[in-house]
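Residue numbers (our numbering): 3 to 146.
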């Protein structure tokens, strides 16, 4: 499961589709609708939010908005708790870690997109997140 902190505009088609599927799974986990993935580290930041379901709903809405901007049709009716919520704090170290991780994936699938991301001067986070200075998040697995 990968719930990108980076803005979804950086994802290629395959990445955007995977993020949508994985965020829907995360929504189901946060609702208590599955036995698997309950302890997945990517969910820590959503669980620490005052309203985890609203937070994952906002995350899904950001993915759906990016999909719509590209002409894709994600079924926004699957978002169970849509609407505004408090942002989740993240770090610039997390964004940089994800940039390197995503750029490596994109170099395999879409080399031009991967190189552009690797060379981008500024990075934008998903609209759910507010970025502050700091290292890679504690919940992030930095191996391999």
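Backbone N, C-alpha and C fix where the C-beta goes; we use that ideal spot for every residue, glycine too. Quick caveat, the model's predicted, so the values are computed rather than measured.
Excluding five sequence neighbours on each side, which residues of the same chain lie with their C-beta closer than 7 Å to the C-beta of residue i?
| i | result |
| --- | --- |
| residue 12 | 104, 119 |
| residue 53 | 87 |
| residue 3 | 24, 27, 28, 39, 42, 44 |
| residue 14 | 108, 111, 112, 115 |
| residue 79 | none |
Please tell me whether residue i and residue j are closer than 8 Å, where the distance is taken between their beta carbons.
| i | j | result |
| --- | --- | --- |
| residue 45 | residue 31 | yes |
| residue 16 | residue 111 | yes |
| residue 10 | residue 64 | yes |
| residue 33 | residue 18 | no |
| residue 132 | residue 89 | yes |
What residue range does the beta strand (DSSP E) around residue i cover?
| i | result |
| --- | --- |
| residue 134 | 131-134 |
| residue 91 | 90-93 |
If I measure Cβ to Cβ from residue i and keep anything under 6 Å in the same chain, skipping five residues before and after, which residues do I get?
| i | result |
| --- | --- |
| residue 76 | 22, 66, 69 |
| residue 135 | 94 |
| residue 116 | 105, 108, 109 |
| residue 47 | 90 |
| residue 114 | none |
| residue 35 | none |
Which residues in the same chain have their Cβ closer than 8 Å to the Cβ of residue i, if we skip the five residues on either side of it in sequence?
| i | result |
| --- | --- |
| residue 100 | 6, 7, 8 |
| residue 142 | 43, 96, 99 |
| residue 51 | 57, 87, 88, 90 |
| residue 49 | 32 |
If you follow the alpha helix (DSSP H) that residue i is in, where does it begin and where does it stop?
| i | result |
| --- | --- |
| residue 34 | It is not in any alpha helix (DSSP H) - residue 34 carries neither H nor E in the DSSP assignment. |
| residue 1 | It is not possible to answer for residue 1, since the shown part of the chain is limited to 3 through 146. |
| residue 81 | Segment: none, residue 81 is in no alpha helix (DSSP H) and carries neither H nor E. |
| residue 62 | 54-71 |
| residue 40 | Taken as a continuous stretch (DSSP letters only), residue 40 belongs to no alpha helix (DSSP H), as it is neither H nor E. |
Inspect the CB distances between the stretch 117-130 and the stretch 48-64 and report whether three or more fall short of 8 Å. A contact exists between the stretch 117-130 and the stretch 48-64.
With a threshold of 8 Å, are at least 3 pairs of Cβ atoms found where one atom belongs to the stretch 86-94 and the other to the stretch 25-41? Not touching, per the Cβ criterion.
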